[in-house]
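Worksheet: one structure, shown below.
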Ligand SMILES: [Zn+2]
Ligand SMILES: [Zn+2]
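Numbering (the working numbering), first residue to last: 611 to 898.
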């Protein structure tokens, strides 16, 4: 198995450049759990260069509760040195650790070109594309009251429709390699009245993009209590020819390979016999 979505920084202040010792401990924990390769994929908003060069292009509201809460998150979690982060991962790779140099790229309307200009400066192996924000609403941060309240204030089907719009725009931008936690909009346990409508749109739009789908165990640790994507949606995307990788989206060592026995079982029933790794953003098939 592969764990292609791991963070080195919890969602709290501090963005120390990962040292070789930490990366070695990540790889040792992975090996002990039967995982041959990991990817370190820190969030784009944690790096000063990205916040300075890319975020000014982000088309979103700048006033009100949500804008304030988002500004607070960026302020608290930012400060990472992208050059140093990539250099540390590259050094670890050169010294033989089985890890990929990655980044989790947030889809933020208006920023796609500026983000691609930054990422093209680095030898990334894998770029995960994800949607966490709808306008200034960080919808998966349900622990922050201003964000959590939006689930009561908005129509859930409209939220799902907006989310799917963003996923499709991200996928069609051609700027990332993998679609991460494809249906994370269900994270807090709010489900739409018309689930098939959203699944159908994804199954129609995504296969032609040629992107890889992440099959993630992270939702099993959340109120959604389900894989991302749901196994039924995974199966439809696989049947339509999409490649798959696996992940825990862990933010601490204990989460590496989290519930991978569950993922492996679902991969078997979905008929997935090979996963996709990446080498400097070129897909490389690997046996499950
Ligand atoms: Zn994410
Ligand atoms: Zn993540």
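Cβ atoms here follow ideal geometry from the backbone N, Cα and C, with glycine treated the same way. Bear in mind the structure is a predicted one, so any value in this text is a computation, not a measurement.
Partner residues in the beta bridge of residue 714, as assigned by DSSP, are 653, 738. Contact check for residue 823 against residue 789 passes: the beta carbons are separated by less than 8 Å. If one requires a minimum length of 3 residues, the beta strand (DSSP E) runs lying completely within the segment 832-874 are 853-857, in chain order. Note on geometry: alpha-carbon atoms of residue 617 and residue 861 lie some 5 Å from one another. Nearest neighbour of residue 848 by Cα position, chosen from 795, 718, 884, turns out to be 884. The C-beta distance from residue 621 to residue 826 rounds to 17 Å, too long to meet the 8 Å contact threshold. Relative to ligand 2, residue 750 has its C-beta separated by 7 Å or more from all heavy atoms. Residue 795 is positioned such that its CB atom lies no closer than 8 Å to that of residue 708. Secondary structure of residue 789 (DSSP, three-state): strand. When the five nearest sequence neighbours on each side are left out, the beta carbons in the same chain lying within less than 7 Å of the beta carbon of residue 758 are those of 752, in order along the chain. If you check the C-beta of residue 859 against ligand 2, you find a heavy atom less than 7 Å away.
Your pair residue 851 and residue 805 does not check out as a contact, with CB atoms roughly 23 Å apart and the cut at 8 Å. Relative to the non-hydrogen atoms of ligand 2, the Cβ of residue 615 comes within a distance shorter than 7 Å of at least one. In the assembly as shown, residue 894 is an exposed residue. Its beta-carbon has fewer than 16 other beta-carbons within 10 Å. Residue pairing of residue 824 in beta bridges, as defined by DSSP: 855.
Within the DSSP bridge table, the entry for residue 889 names 892 as partners.
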